Structure formats: structure tokens, C-alpha cells
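One structure below.
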Amino acid sequence: MKFLVCISKAPDTTTKIAFTDNNTKFNNDKVQFIINPYDEWYALVRALELKEKSGGTVTVLNVGAVDNEAIIRKALAIGADDAVRIDAEPADAMFVAKQIAEYVKANAFDIVLCGKETIDYNGSEVGGMIAGLLDWGFVSLASSLELNGNTATLNREIAGGHETVEVSIPFVLSAAKGMAEARIPNMRGIMAARTKPITVVPVAASENYTSILSYELPKEKTGVRLVSADNVDELVALLHNEAKVI
Amino acid sequence: MPVLVFAESANGTFKKSNFEAVSYGAKVAAQLGTEAFVVSFENLSDDVLKSLGDYGATKIYRIANDALKNFEAGLYAKVLHDAAKKLNANVVIFSFNYEGKAIAPVLAAKMNAGYVAGAFALPELEGSTMKIRKNVFSGKAIALYAIHSENKIIALTPNTVAPEKTENKCSVENLDITVSSTESKVKVKEVVKASGKISLSDADIVVSAGRGLKGPENWGMVEEMATILGAATACSRPVADIHWRPHEEHVGQTGLTVRPNLYIALGISGAIQHLAGVNGSKVIVVINKDPEAPFFKAADYGIVGDVFEVVPKLNEAFKKFKSGA
């Protein structure tokens, strides 16, 4: 089985979000970048587990500039066999999906795994777009993945529960919590990652359908209104009369 | 060119997020000087479908086909693409819920459409460009997106734009789209729904608890509060990780994102990862014995106190309020 795991670079969760150039660009000065957690903890680790169990290869793919190789090396240290970097600054989700779809068309893969969303743009877009571009089956928000020959069985989250689905290979999935547990790279993995290949692929032509014009920070909360622990009736009254939520 | 709204029904009926999407679609249509049409895939009666017309849609199209009985993002996107072509629509609206999140990106790829996932306000028009705001960086910032392409898709974040009823009249028609179950790539084997419980992603009120509860045996008072308020229960990540509560209840960065009207946090310190999953809530109440807990900075109302003393008293007060005393 040939797995392709798409990894995105995202600012660490604790990053203080700020913007430059008249609020048109994310300020990445002093920002610690990580592999998007859904891509790493769930998509990558599950692909590795299945490879260890039934054989195959795990390739990680990132669309980004050369400085993304730090996070790509981490994915290799966790256990991916090789990596692909498509040499372009991502313009939007469709741009990224088109780059990945073009690569998949030229290189046979069986299962393409993405995280359910990135923690920076929170769109949950790339996986579905790849599936749409390739006309492959798509399972979103998958919380488990098992292989059985030419098909795979997955659980996916739905409103108020989950469902079990069977999909024929090849297909695309977006991985959610439950699919696997995070792995910390060990020293052997880190050493091995140094010599694993990263193939750099030139960007494929793509039209941009969307762009970000500007950013702003949300309005700060006006401050918490504290109520005495001895006067819980006041809280109930505030929630009813002032906040109007009960 | 009409605006098309996709409304997924659940158990033969529609819910608030569908009415929000229809109302939003009708407003976008008004901006564009056109009408909003709704597409529904279940074989529902005219009366049920007309409930969507109350929110401004002029036509409801029923596409009833056995091949669409079970949800499949790819197949649904294909049928919506065909419907958009047939109805000459170039703007499609979804709710940014489980179904919308899955179908909209597939449709965007098929339609060559610019897609804004998770809008929270109406677009501004500038020529043929639509400018739309959505939350980014897990609620820590807002981005103003522009869609430049001719075809446009917007998924509306639930509980952000209130649905408005109109005096509008709507008609129901069947729309014939050819689709066969042999085109299906994903087969649904089993559907498991937590019965009797309020779904966390749809709940208006969420009662959530963390490590401050000291052990799973102490969740009785949390569940009691949820029952009194008609709320769903949730928990913080550490609590799910040590199996005090099921993973489905975990809200936060790596779990579920919720945006209820009221989020009550009991014994949760409010780590940034947790806040990322709840900061879209309209009103946040925090009860924690540590006055320095970071959650108080994100809260609207708070009580500094021991949950084991405060929560039983608060449950009594909620009960009294609910019984009208």
C-alpha cells in the first residue's frame, strides 16, 4: 500500500497572533512553526501503523518554500520513508489541492491522508478538494482506518454520533481525533531522517480563486463579571436577564 | 443566476443550521438581485420542505433518489454540481457543519469555485468579487477573504447569522438528476447515534468540566446541570485522555469546536488549546477555585470557588429558575 500523507505547516498553538504590512500579512517573526497537529498525530501516525502492520511506503508531501524542510525532516524522523516538497508559497486551499492532485496523478498512490483541518485557516478544505480533482472517494473526519484488501473500513464523525463506511481504494480521507496517538521521534528516527530523500517538485500552474485582503484581531472581551460563590442566584438572574441565554 | 442553498435533513426534518443557511442564501440572493433556491435530497413532504421557504427561498427542489439515501460527499457534490448547472446557479451556500464541511470542498473542485469555509457574516460585493469574513487561527483572528472566481461557494458557520423569517411564498418542485448507486464510492455500513443525548455540535448550551472535578465519579453534578438546562456535556482534553470521559466529549484545539449560546466551564483552567475550541461561544461562564485561571480572561461571567460547593448550589438555583419559582 502506498500512502501519501499531506502535511501543512502551522504556527504553534501558543503563538501570539499578529499581522504586518498594514494587517495584510501574518507576522511570522519569532513564530515557532510545527506540523499541523491533525496531519501529524492522526494522518501520519496511522499511515505508519498500517505500513508497519501490512507493508508499503509512507510518503509525506508539503506545499511550501525551502524553510519548510524543518517540519518535513520531523515527519521523516517520526517514520515516513521519503518526502516531497512542492516548491511554492501556498496561495489558498485550492492551489494546494491542485498541486497535490497533479503529483498524485503522476505518481501512483493508494490512499491520500490529510488532517481534518489546519489550525491556522481552519477550513477543512484540502482533502475534499483533492478527492474532487481526482474523482476519488472521500471520507471526511475519519476517526479510524482499517485495511481489508482492496477496500478500507473507516469510522467517521457525524452529527451526534459516528458511522462506519467502506470505501474502495484509492481514496482520500481527512483524519480526526481517535485515528492514532501522537508519536515522539526517537534518536534513531532523527538520525535516519537526515539521509532520507526530499524530492523537490516545481509548482504546477494554477489560477487563484480566493485571496485574503486583510486580517483583524477579534474584539477583546470586556472583562469577566465575577459573582460571589454565596450568591449563585445572581448568576442565574444575569444569564436570564442580561445575557438572555437561559 | 439564482443562489443555490443545500439543506441536509436529519430524520425527516430540518434544524436551525438549515434555516440559517437558507436565510443567508436569501440575503445573498437579494444582494445579487436574484432568488434563492434550496436543494434537498430526502423524499420529504411539501409541507416539511416549505418550512425552508419561510426563510426567504422561492423554490425548493426535491431530488429524491435511492442512491442519495446515505451520505457520501463525492456523490452529493456530483449531484449538486449537476443541479447547479441545470438551474444555472453560480453561488452555492452550505452550513459549515459535518455535511457541508465534507461536500463543499469536493464541489468547489468540480465547479472551479472559490470557496470560503466558515463565514460568519454576509458578503460585501465589489463588482463580481465577494468579500467575506471568517475566523482564522482557531478564533484568534479574523480574515477578510475575496472570492474572485465566477463560481462561488460559501459555508456559513452555525449560530453566527440569525435566521430571519420572511413573508415570501415558495413552491416545491421535483428536480430530475440522473444518479445511480453504482457511482457510489463510499458505502455506509452502520450508523451509530448517541440516543436521547443532545448532540454537542448542535447544542445551544454546553456544560463542560475538567480535571478540577477530581475523578469520573464526580460527573453526576455536571450531568445534572446539563439535564436541568437541556444542555450537552463536554470535557477538556486531559479528562478525555485519562478516560474519565469519552473522546466524543473533548472540545478544544484537537477535539470538537463548539459555538453554543452558553458555555459553562467547571474546573477547567482554560489552556489556550481548550479556548481555541470554545472561543466562538456567545457567553462563557467559568467556575474555578483558582482566581488566576486563564479561562477567566475569556469569560463573560465567573465564580471563584470550589466546584464541589458551587455547582450543587447552582444546580438548585437553575432548578428553581426552570420551575418558574
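Note that the protein sequences, when read in sequence, are chains A and B.
Under my numbering, the first sequence has 8 at position 8, and the numbering climbs by one with no breaks.
Quick note: to get my numbering, add 1000 to the position in the second sequence (first position is 1).
Don't be surprised by glycine CBs; every beta carbon is placed ideally from N, CA and C.
These figures come from a predicted structure and were not determined experimentally.
| query | Using the C-alpha atoms, what's the distance from residue 85 of chain A back to residue 1192 of chain B? | reply | 39 Å
| Quick one, are the C-beta atoms of residue 177 of chain A and residue 1148 of chain B less than 8 Å apart? | no
**Asked** Among B:1225, B:1206, B:1088, B:1285, which has the Cα closest to the Cα of residue 1259 of chain B?
**Response** B:1206
What do you get for residue 228 of chain A, buried or exposed, if any count of 16 or more other CB atoms within 10 angstroms of its CB means buried? exposed
**Prompt:** Among B:1057, B:1194, B:1229, B:1189, which residue has its Cα nearest to the Cα of residue 1208 of chain B?
**Reply:** B:1229
- Around the Cβ of residue 1123 of chain B, are there at least 16 other Cβ atoms within 10 angstroms (buried) or fewer (exposed)? buried
Practice prompt. May I have a chain-ordered list of the beta strand (DSSP E) segments no shorter than 3 residues that lie completely inside the stretch 1220 to 1292 of chain B?
Written response: 1232 to 1235, 1262 to 1266, 1283 to 1288
- Note down, in chain order, all residues in the stretch 78 to 104 of chain A with a beta-carbon under 9 Å from any beta-carbon belonging to chain B. 92, 93, 94, 97, 98, 101
- Query: Who does residue 202 of chain A pair with in a DSSP beta bridge?
  - Reply: A:87
- Looking only at DSSP bridge pairs, what is residue 1135 of chain B linked to? B:1142
### Query
Using Cβ-Cβ distances below 8 Å, what residues of the stretch 1034 to 1047 of chain B are close to chain A?
none
Exercise. Would you mind telling me which residues of chain B sit closer than 9 Å to residue 74 of chain A, beta carbon to beta carbon, in chain order?
Key: In chain order: nothing, as chain B lies at least about 18 Å away.
C-beta neighbour in chain B for residue 49 of chain A, strict 8 Å: no
Span of the beta strand (DSSP E), counted from its first residue to its last, around residue 1125 of chain B
1124 to 1126
Do residue 165 of chain A and residue 138 of chain A have their C-beta atoms closer together than 8 Å? no
| query | Which value, in whole angstroms, describes the spacing of the CA atoms of residue 243 of chain A and residue 225 of chain A? | reply | 12 Å
Residue 1056 of chain B and residue 1026 of chain B - do their beta-carbons sit closer together than 8 Å? yes
Considering only residues of the stretch 1035 to 1091 of chain B, which uninterrupted alpha helix (DSSP H) runs meet the minimum length of 4 residues and lie entirely inside it, listed in chain order?
1046 to 1053, 1073 to 1087
If you scan the stretch 17 to 96 of chain A from start to end, which runs of the beta strand (DSSP E) of 3 or more residues do you find wholly inside it? 33 to 35, 57 to 63, 82 to 87
ask   = Can a CB atom of chain A be found closer than 8 Å to the CB of residue 1246 of chain B?
value = no
task: Count the other CB atoms, across all protein chains shown, that sit within 10 Å of the CB of residue 188 of chain A; report buried if there are 16 or more and exposed otherwise.
output: exposed
Considering only DSSP beta bridges, list what residue 162 of chain A is partnered with. A:157, B:1192
### Task
For residue 233 of chain A, go through chain B and note every residue whose CB falls closer than 7 Å to its CB, in chain order.
1317
Could you check whether the stretch 1229 to 1244 of chain B touches the stretch 1169 to 1178 of chain B, counting it as contact only if at least three pairs of C-beta atoms, one from each stretch, sit closer than 8 Å? no
Say whether chain B places a C-beta atom closer than 8 Å to the C-beta of residue 184 of chain A.
no
Residue 63 of chain A versus residue 1155 of chain B: straight-line alpha-carbon distance, rounded
25 Å
Just how far apart, CA to CA, sit residue 117 of chain A and residue 38 of chain A?
-> 7 Å
Taking the C-alpha atoms as reference points, what is the distance between residue 1008 of chain B and residue 1289 of chain B? 43 Å
> Three or more C-beta pairs closer than 8 Å, one from the stretch 1103 to 1122 of chain B and one from the stretch 91 to 100 of chain A: is that the case here?
Replying inline: yes
Give the interface partners of residue 1024 of chain B over in chain A, defined as CB-CB distance under 8 Å, in chain order.
Simply none; closest approach about 18 Å.
If the criterion is Cβ atoms closer than 8 Å, does the pair residue 1269 of chain B and residue 1210 of chain B meet it? yes
Practice prompt. State yes or no: is the C-beta of residue 1063 of chain B within less than 8 Å of the C-beta of residue 1153 of chain B?
Written response: no
Would residue 87 of chain A and residue 232 of chain A be called neighbours here (beta carbons separated by less than 8 Å)?
no
Practice problem: Could you name the residues of the same chain whose beta carbon sits closer than 8 Å to that of residue 1018 of chain B, not counting the 5 residues immediately before and after it, in chain order? | Solution: 1007, 1008, 1009, 1052, 1095
Of the listed residues A:186, A:135, A:131, A:79, nearest to residue 50 of chain A (C-alpha basis): A:79
Which first and last residues belong to the beta strand (DSSP E) in which residue 212 of chain A is found? 210 to 216
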